[in-house]
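Per my numbering, the sequence shown starts with residue 24, numbered consecutively.
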Amino acid sequence: MLVRRTLSVVASLVLWSTCTPALAAPEAVVIGQSLPLTGAGFPVANRVLAGAKAQVERVNTSGGISGRPLELVTLDDGGDPQRLATNLRTLVRQHGAVLIANCLGERACQEAAQATRELRVPLVGPMSGALQLRGVDVQHVFSTRPDDTREADALVRQLLSIGIHKVAVLSDDSEPARTDALVAALQRAGQQVTRTTTDLRGQSLAVALQASAQSAPQALVISLGYAALDALDRLPPAARAGVPLTIATLSSAGLTQLTRLFRDRVIGYTSVVPPLDVTRLALVRALQRDADAFIGPEAVTFEGLEAYINLRVCTEALRRAGPRADGQRLNEALESLGALDLGGFRLVFGRDRHHGSDYVEIGMRARDGRTLR
């Protein structure tokens, strides 16, 4: 009798399982980003993508957002701002992205700000300090870095502290507002400034380097986009031989590339994220842990850490916005973050404060590769 009853129960369970549809998996929460995954910007974009994915993998390993998996959808824009705008519309309208994270450079981020305003979703972590990304008409933009003027002033103070009073500025047209802020800061400090502009042609870059050296500057201040840095990297070493022994630059999407390009020069730079070798900071340790566990060393870079921070902000806002997060709820959640400690790196957001950080770190890499502070 017991056997018959057992078989009856088993048969009933089998019948129930075949007639009852499987429980649907929780719908993913989608964050979108558009990056130059092809072309000259790929090395930079790859580091940004690695840092962002490291945080997403950590969130999903820890249970997701209120039980829902977090999905990062990244589209390639090839460095074209117009393609970026098209990608953002695709991400929101077709992929269901509830917010957009990370964009590279002044022009791309301005285009991203305009597109996300039309789409009514927040833009978190533009990798540009352009003042156009702040103000009453871009209340959906939330930045984790200081503005260009604050960063430029910090770099100029560092140059003065090491006795440099005469500089040449080499720039392209990738970030005009950033270059203008840099030149203005140098001039306010009484620096003798020679400014040379270039385009992406190798010959033009070589001529510009020679022209920059003709004024016998104590330092060469570089303000170039990743495409120009890529072209500079393809020049023969002799074309870079005449540059001063000291190079200076603001933090940029190509900072890692620049430090590799001028290995035999002293490089002074600003960074808007903590130093990667300061492992006493829980934030740095977390990035290293998640990079080792999920992604690889590309995440442990300046760009990777900034993207990691940006995704931390996104995930915190998503948790606070609740299960029915939309653009308006996320905007309110981001404004409500207040003081947010990410493990030794503090951000402050509010209704009237959409730039979370004024942090600027000054770094200097010696000719032997040592990092000095």
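The C-beta atom is built at its ideal place from N, Cα and C for all residues, glycine as well.
Span separating the alpha-carbon of residue i from that of residue j
i: Val295; j: Arg173; result: 11 Å
i: Gly386; j: Leu357; result: 30 Å
i: Ala136; j: Leu243; result: 32 Å
i: Asp349; j: Thr293; result: 35 Å
i: Pro267; j: Val190; result: 9 Å
i: Ala175; j: Glu50; result: 44 Å
i: Thr113; j: Gln56; result: 11 Å
i: Val26; j: Gly86; result: Residue placement at Val26 cannot be trusted, given a pLDDT of 40 that sits under 50; what the coordinates show is reported in the next sentence. The straight-line gap from Cα to Cα measures roughly 41 Å.
i: Gly248; j: Pro169; result: 19 Å
i: Ala239; j: Gly379; result: 40 Å
i: Val79; j: Gly361; result: 22 Å
i: Ile187; j: Thr269; result: 9 Å
i: Asn83; j: Val159; result: 35 Å
i: Thr394; j: Ala262; result: 26 Å
i: Leu178; j: Ser151; result: 16 Å
i: Ala254; j: Asp196; result: 14 Å
DSSP state of residue i mapped onto helix, strand, coil
i: Thr338; result: helix
i: Pro169; result: coil
i: Tyr331; result: helix
i: Val323; result: coil
i: Ile185; result: coil
i: Tyr249; result: helix
i: Ala271; result: strand
i: Thr394; result: strand
i: Ala191; result: strand
i: Glu174; result: helix
i: Asp364; result: strand
i: Arg369; result: strand
i: Arg388; result: strand
i: Asp375; result: coil
i: Leu53; result: Looking at the sequence provided, one finds Val at residue 53 rather than Leu. The answer is strand: DSSP assigns Val53 an E or B state.
i: Pro102; result: Note on identity: in this sequence residue 102 is Gly, with Pro being the wrong assignment. Correct three-state label for Gly102: coil.
i: Thr221; result: coil
i: Ala239; result: coil
i: Gly291; result: strand
i: Arg257; result: coil
i: Leu60; result: coil
i: Ile312; result: For the record, residue 312 in the displayed sequence is Arg; it is not Ile. Arg312: helix per DSSP, three-state reduction.
i: Val266; result: coil
i: Gln78; result: helix
i: Leu228; result: helix
i: Leu284; result: helix
i: Val179; result: helix
i: Leu304; result: coil
i: Arg91; result: strand
i: Val71; result: helix
C-beta contact flag for residue i and residue j at 8 Å
i: Ala124; j: Val144; result: no
i: Val336; j: Phe165; result: yes
i: Leu232; j: Gly265; result: yes
i: Leu252; j: Leu209; result: no
i: Glu134; j: Leu107; result: yes
i: Leu273; j: Leu223; result: no
i: His118; j: Arg140; result: no
i: Ala73; j: Ile318; result: yes
i: Ala120; j: Val161; result: no
i: Leu403; j: Leu306; result: Residue 403 is absent from the structure shown; the chain starts at 24 and stops at 396.
i: Ala77; j: Leu310; result: yes
i: Ala322; j: Ala314; result: yes
i: Ser194; j: Thr220; result: yes
i: Pro346; j: Ser89; result: yes
i: Thr324; j: Arg70; result: yes
i: Arg11; j: His377; result: The question about residue 11 has no answer, for the chain in this structure spans 24 to 396.
Reference residue i, options the options, closest by Cα
i: Ala200; options: Gly186, Thr302, Ser246, Thr167; result: Ser246
i: Thr279; options: Leu258, Pro320, Leu306; result: Pro320
i: Gln214; options: Leu182, Gly248, Ala239; result: Leu182
i: Ala340; options: Arg393, Glu355, Glu326; result: Glu355
i: Phe368; options: Leu304, Leu360, Arg312; result: Leu304
i: Pro149; options: Thr220, Leu310, Glu326; result: Glu326
i: Arg286; options: Gln311, Pro260, Ser274, Pro298; result: Pro260
i: Leu127; options: Pro59, Val121, Arg342, Thr269; result: Pro59
i: Glu129; options: Asp313, Pro240, Ala212, Asp103; result: Asp103
i: Thr302; options: Gly248, Arg180, Ile318, Leu328; result: Leu328
i: Tyr382; options: Leu370, Arg312, Arg374, Gly74; result: Leu370
i: Arg390; options: Thr282, Arg343, Ala309; result: Thr282
i: Gly291; options: Arg180, Val115, Lys76, Leu93; result: Arg180
i: Leu353; options: Glu198, Gly373, Arg218, Ala68; result: Gly373
i: Glu94; options: Ser359, Leu334, His377, Arg388; result: Leu334
i: Ala234; options: Thr202, Val192, Leu258, Ala271; result: Val192
i: Val115; options: Cys132, Leu142, Gly101; result: Leu142
i: Ala48; options: Thr202, Pro297, Thr61, Pro92; result: Pro92
Any non-hydrogen atom of the ligand SAH within 7 Å of residue i CB
i: Ala136; result: The model on display carries no ligand, and the ligand SAH is accordingly not part of it.
Give, in chain order, every unbroken run of the beta strand (DSSP E) that is at least 3 residues long and sits entirely within the region 112-163.
You should have 122-127, 146-150.
At what residue ranges does the region 194-219 contain a whole run of the alpha helix (DSSP H), taking only runs of 4 or more?
Qualifying alpha helix (DSSP H) stretches, in chain order: 199-211.
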